[in-house]
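Inspection log for the structure reproduced underneath, given as C-alpha cells.
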Amino acid sequence: QGSSEHHGIATTFVSSIFPPLRVRTSFLISTTLCCAAAFSPWSAQAQSALRSSKTCSAEAAMSGASSRLPVFFVNHGGGPFPVLGEEGHASLTNSLRSFGKKFDPVKRGVKAILVISAHYEASVPTLTSAKSPSLLYDYYGFPPESYEIKYPCPGAPDVAKRIEALLKEAGISVAFDEKRGLDHGVFIPLKLMLPSAEFPCLQISLHKSLDPAYHLKLGKAMARLREEGVLIIGSGMTTHNMQGLMSQDMKRDQNLAFDRWLIESCKAVEKERETRFIQWKTAPGALYNHPREEHLVPLFVCAGAAESDAGQILFADDMWSARVTSFQFGE
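Numbered as in our numbering, the sequence shown ends at 331 without a single skipped number.
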C-alpha cells in the first residue's frame, strides 16, 4: 500500500483513563498510533459546494477574504480518542469541532481537501487516487465503535493528477495508490472539523526519509493548489513522546520549551522558518518530544506550502499531560 510500518509498543492503560467506554485495562496501541490549470468535473457534492461558494463571492470580497486558501496543521490526537470522547482529549476535541467557526470552506470556495498525515510514508510521495476512498482503521485494541466511524467523502483523482503535474514540474517523483483508504490521521480530525464529508479528499504520503528540507520543497511545489480551491491540511502531533503521554508523566518543561520554539518558528519569516525547521533537532526539547519525527514532518510540508505567509496559533490544547498546538498559515 506504500505505507511503512513503524516499531510498535504494547502499553497498559489504567481503566480510569477512559471509563466511559469501559476500555479494558490493558491493550495494544497500534504502530501507527505510537510511532508510528484546471480540474476536470468534480463530484456532485463538490459541484454543489462550488455553486454555493459562487453565491457568496460578493460577500467574501466585501469581507476581505482572500482567494488564496490558508494552510492548516492540526493535532489529530491518539487513535480514535478525539471522536470517541475520551476525557483527556476534551480540549483538543472541542477545538477541532470549532474549526467551522474559524473557517467556512463553502464561502472560501474549497473544492477539495489534501491531507498530509503522519501515518502514511512511502519511498516516493504517493497520492491516494480512489474515486470513493475507504477508511483505514489503522489502530488496534480499541472499542468496537472505533471501527464503525464513517467519513463518506468522495475521492479526488483529478486533484491527484494535478498534484502529479506540479510535483513533476518541481523535479519530485510521485506515485498513485488507488486501493489505499484514508487513515485515521485524515478521517479522525476531519470528522470533527468538517463533519459533512461533502468535499473530495485525498492524501499524499510523507517520504520515508522524513528529511525536513525535502518536505519543505514538497510543500512549496504544491503551494499553487491554494489558488485552485484545494485546502491543504497537515495532520500530526506537535509532541509524540508516547511513553510520556501514555504514562501521564510528560516532562512538562521540555514539552513547553519545544512548543514555544515551534510557535516562534511558525511565526518567523519564510527564510528563517525554513532554516529553523531544517535544524529542528537542535531545538530545546526536540528529541524528547519527537523520538521519531514522523508526526512533526507534516508541519514542514505545510510550512513549505505557506511560502511567505506567516504562521499563527490556530488552537492551543492540553492533551493528557502535554501541550499541543495547531497552526494556521495565511488568512
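Built from N, CA and C at the ideal position, the CB exists for glycine as well.
In this text the structure is predicted, and so the values were computed from the model without any measurement.
Asked	Found
Helix, strand or coil at S308 [DSSP, three-state]	coil
Cross-strand partners of Q328 (DSSP beta bridge)	F72 and Q312
Residue nearest to G141 in terms of C-alpha spacing, selected from A122, F81 and R226	F81
Backbone CA spacing between V159 and D249 [nearest angstrom]	43 Å
Segment limits, beta strand (DSSP E) that includes A112	A112 to S117
Segments of 3+ residues assigned as beta strand (DSSP E) that fall wholly inside the region 217-285	230-236
For T93: DSSP bridge partner residues	In the DSSP output, where bridge partners are listed per residue, T93 has none listed.
Where R108 sits in the DSSP three-state scheme	coil
Proximal residues to L192 (C-beta, below 8 Å), its chain only, five neighbours per side dropped	P82, V83, T93, L96, R97 and F99
Length of the line joining the Cα atoms of K251 and W261	16 Å
Reference E293; option with closest CA among A118, E86, G109 and K107	A118
Length-filtered (4 minimum) alpha helix (DSSP H) runs lying within the region 142-226	157-169, 184-193 and 212-221
Segment limits, beta strand (DSSP E) that includes L127	T126 to T128
N-terminal and C-terminal residue of the alpha helix (DSSP H) that G100 is part of	F99 to K102
Nearest to K217 (by Cα), restricted to the options N241, G181, F315 and I172	I172
Range covered by the alpha helix (DSSP H) that runs through P80	Neither: P80 is in no alpha helix (DSSP H) and is coded neither H nor E.
Length of the line joining the Cα atoms of V115 and L202	6 Å
DSSP-derived helix/strand/coil call for L296	coil
Beta-ladder partner(s) of L135, from DSSP	L182
Proximity of H89 and Y139 at Cβ, strictly below 8 Å	no
Beta bridge counterpart(s) of A322 as assigned by DSSP	M319
DSSP bridge partner residues for A303 (one or two, in chain order)	DSSP lists no partner for A303.
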